[in-house]
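Chains as they are written, first to last, in this note's numbering: chain L, 1 to 335; chain U, 1 to 335. Backbone N, C-alpha and C fix where the C-beta goes; we use that ideal spot for every residue, glycine too.
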């Protein structure tokens, strides 16, 4: 095995091995495949917390205070900052990472940022793999943080046990949360900056939205699995002050309550099943897309098809069907 | 043919047929396949304009004034408002649509909004198909508008001949544009609200960013096709006032200049090739994902695999490989 030395060091909890393996799985799906294949049996111990919030909600300070609270309980913590909006520069959430640097020197905190270097499926897949590496590295708690921009979090948060959405008093965020489809996967709403006016109004807004949501949540069959978790869990709402640390004890109790809920109801096992399905789906999408792209950009017959589409004697759907035939997938194969 | 009546009416430029066909292709990929198969030979006449801008850049007013200018030139216009951030409610850009309603009664303007009802590939695919329907409906110009949120526009704008990015004087938007990867596909930068202070500073910022971009634009091989267009075209920059209509004549000249550039250099033919490839890719992704999802959520063997992954005797990558084998795609098939 090519990476066995690094993997052994990871199992021995060496920080540099964890960092290097994450870089590997991020950049190279073939390396990822080998690494995950070797370490998968050691995973499954970490609790995964998804945190999102629009810019300006004070995410960095909130997460710093949260880390402080968990450190006091003796936890080892991994933080993955995911930025799905940054396909080119790769400098994902660098500012946040710098702001959280105060914890960098501690042995019990590992911070890593990941950017979108290609398609969304790739980022969700790489994040999944990074979570596994930090799990084997011995993190009790893994925080996956993303900026609040849309559908991409829904994919990224599929592996989170508890999803926290950060809001601040004032107009707009509540609407944004519902627009992005995050609302449906939120377990705990945190109103940060509770000292600002309007925190209670924000709580009322969330309650109203939760009621509204009940009306359309089963509209889409496709999304029914996303809702499976929320169906029996009524999202908690808490106001906090990340600077003074006020109410973080309540928040920690809520996270604990949600963890117990997942375990006691047996939902955690359904949840793990769904996570495996969604993860396999991400890997498959990545592999199939790669296969099709290779074909599309290298095969000689494809050029002929494209010429025909340009002459309008073929349309793109028919061309897609011809390619599916080339890939060898039988049309009505009975699985 | 199931939809031949509707398609005949579309060819006869009936508005209701266009609206109904767009609903069809949006909701049902099988219907889309049949419809596009029948109408593809009539497409290729419309000029496609992609417009994006962050909230607050005055997109609706800008587009309204742009429509007014094109109407004066006797053009028939289609507008597709795409909202990739709204997976649940489906109420994409409803506000914008209402604000643009002043043009609704005109025979020469067709406005339609589309929301993200599933994965991104689906939305880009549906938008492509809606463009074709409006093309056959006889639109000379089709405006595809999206909110400025990220990678999704890059997919949606692959069919646009000219891409316009809207900015306003003030801090932040320029950075946002570069973050989202939009910069690389922009042909014309429009500084809206030129009457506000700082418009010239914004122009300077864009010039600076364009220079910066030159340095990393070939970093990624994957993106080289996106850059193919910009390589020979230096993006134009114009300041406008959408309320008074100031400088829209300059903007229209720029769009015209860009159209001529695409035609005279022959880039329009390369561009069409790339568009066909990317469109076929979208359709293939959609079809393959559907195939794999069906398999993942219905096949009995899959449940066994998932149990094995839960017991950690199998990992998700190995499970993905087993599914690829089930799909009948041979591993090292020589195409």
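Legend entry - Contact list for residue 281(L) against chain U, beta-carbon separation under 9 Å: 289, 292, 293, 296, 320
Legend entry - Reference residue 246(L), options 262(L), 193(L), 258(L), 294(L), closest by Cα: 193(L)
Inset, instruction - Answer yes or no: do residue 78(L) and residue 142(L) have a C-beta to C-beta separation smaller than 7 Å? - result: One thing to note: residue 78(L) has its Cβ within 7 Å of the Cβ of residue 142(L).
Inset, instruction - Classify residue 241(L) as helix, strand or coil using the three-state DSSP reduction. - result: strand
Inset, instruction - Would you mind telling me which residues of chain U sit closer than 8 Å to residue 33(L), beta carbon to beta carbon, in chain order? - result: 317
Inset, instruction - Rank 29(L), 326(L), 75(L) by C-alpha distance to the C-alpha of residue 321(U) and give the top, closest one. - result: 29(L)
Inset, instruction - Compute the Euclidean distance between the alpha carbons of residue 155(L) and residue 124(L), then round it to the nearest angstrom. - result: 6 Å
Inset, instruction - Mind reading off the beta-carbon distance from residue 165(L) to residue 186(L)? Whole number of angstroms is fine, and I expect it under 8 Å. - result: 5 Å
Inset, instruction - Indicate whether at least one CB of chain U lies closer than 7 Å to the CB of residue 284(L). - result: yes
Inset, instruction - Say whether chain L places a C-beta atom closer than 7 Å to the C-beta of residue 137(U). - result: no
Legend entry - Residues that residue 110(U) bridges to, as DSSP identifies them: 78(U)
Legend entry - C-beta atoms of residue 292(L) and residue 237(L) nearer than 7 Å: Taking the C-beta atoms as reference points, residue 237(L) is found no nearer than 7 Å to residue 292(L).
Inset, instruction - Locate the beta strand (DSSP E) running through residue 47(U), then write down its first and last residues. - result: 47-53
Legend entry - Identified DSSP bridge partners for residue 190(U): 166(U), 238(U)
Inset, instruction - Verify whether the separation of the beta carbon atoms of residue 41(L) and residue 312(U) is less than 7 Å. - result: yes
Legend entry - Nearest candidate by alpha-carbon position, reference residue 161(L), set 126(L), 318(L), 273(L): A check of alpha carbon separations from residue 161(L) across 126(L), 318(L), 273(L) identifies 273(L) as the nearest.
Legend entry - For residue 142(L), the three-state DSSP class (helix, strand or coil): strand
Inset, instruction - List the residues of chain U that residue 309(L) touches, going by C-beta distances under 7 Å, in chain order. - result: 276
Legend entry - Member of 24(L), 190(L), 184(L) whose CA lies at the smallest distance from the CA of residue 168(L): 190(L)
Inset, instruction - Could you tell me whether any Cβ in chain L is nearer than 7 Å to the Cβ of residue 158(U)? - result: no
Inset, instruction - With DSSP as the reference, label residue 63(U) as helix, strand or coil. - result: helix
Legend entry - Status (buried if at least 16 other CB within 10 Å, exposed otherwise) for residue 277(U): buried
Inset, instruction - Check the Cβ of residue 272(U) against every Cβ in chain L and list those closer than 8 Å, keeping chain order. - result: What residue 272(U) touches in chain L: 310.
Inset, instruction - Flag this pair as yes or no: are the beta carbons of residue 69(L) and residue 261(L) separated by less than 7 Å? - result: no
Inset, instruction - Quick one: using the 10 Å Cβ neighbour count with 16 as the cut-off for buried, is residue 360(L) buried or exposed? - result: Because residue 360(L) is not part of the residues shown, which for chain L are 1 to 335, the question remains open.
Legend entry - Where the alpha helix (DSSP H) containing residue 319(L) begins and where it ends: 316-327
Legend entry - residue 205(U) - DSSP class collapsed to helix/strand/coil: helix
Inset, instruction - Determine the closest residue to residue 211(L) out of 18(L), 199(L), 183(L), 43(L), with distance taken between C-alpha atoms. - result: With distances taken between Cα atoms, residue 211(L) lies closest to 183(L).
Legend entry - From 296(U), 294(U), 239(U), residue whose alpha carbon lies closest to that of residue 200(U): The closest CA to that of residue 200(U), considering only 296(U), 294(U), 239(U), is found on 239(U).
Inset, instruction - Would you kindly work out how many angstroms separate the C-alpha atoms of residue 301(L) and residue 319(L), rounded to a whole number? - result: 11 Å
Inset, instruction - Leaving aside the five residues before and after residue 3(L) along the sequence, list all residues of the same chain whose C-beta is less than 8 Å from its C-beta, in chain order. - result: Closer than 8 Å at the Cβ level, and outside the excluded window around residue 3(L), lie 21, 24, 31, 34, 35, 38.
Inset, instruction - Pull up the DSSP beta-bridge partners for residue 246(U), would you. - result: Assignment of beta-bridge partners to residue 246(U) by DSSP yields 241(U).
Inset, instruction - Closer than 8 Å, Cβ to Cβ, to anything on chain L: give me those residues from the segment 7-41 of chain U, in chain order. - result: Of all residues in the segment 7-41 of chain U, only 32, 33, 36, 37, 40, 41 place a beta-carbon less than 8 Å from a beta-carbon of chain L.
Inset, instruction - Taking all protein chains shown into account, decide if residue 158(U) is buried (16 or more other Cβ within 10 angstroms of its Cβ) or exposed. - result: buried
Inset, instruction - Mind checking which residues open and close the alpha helix (DSSP H) that includes residue 122(U)? - result: 120-136
Legend entry - Member of 76(U), 241(U), 269(U), 234(U) whose CA lies at the smallest distance from the CA of residue 197(U): 241(U)
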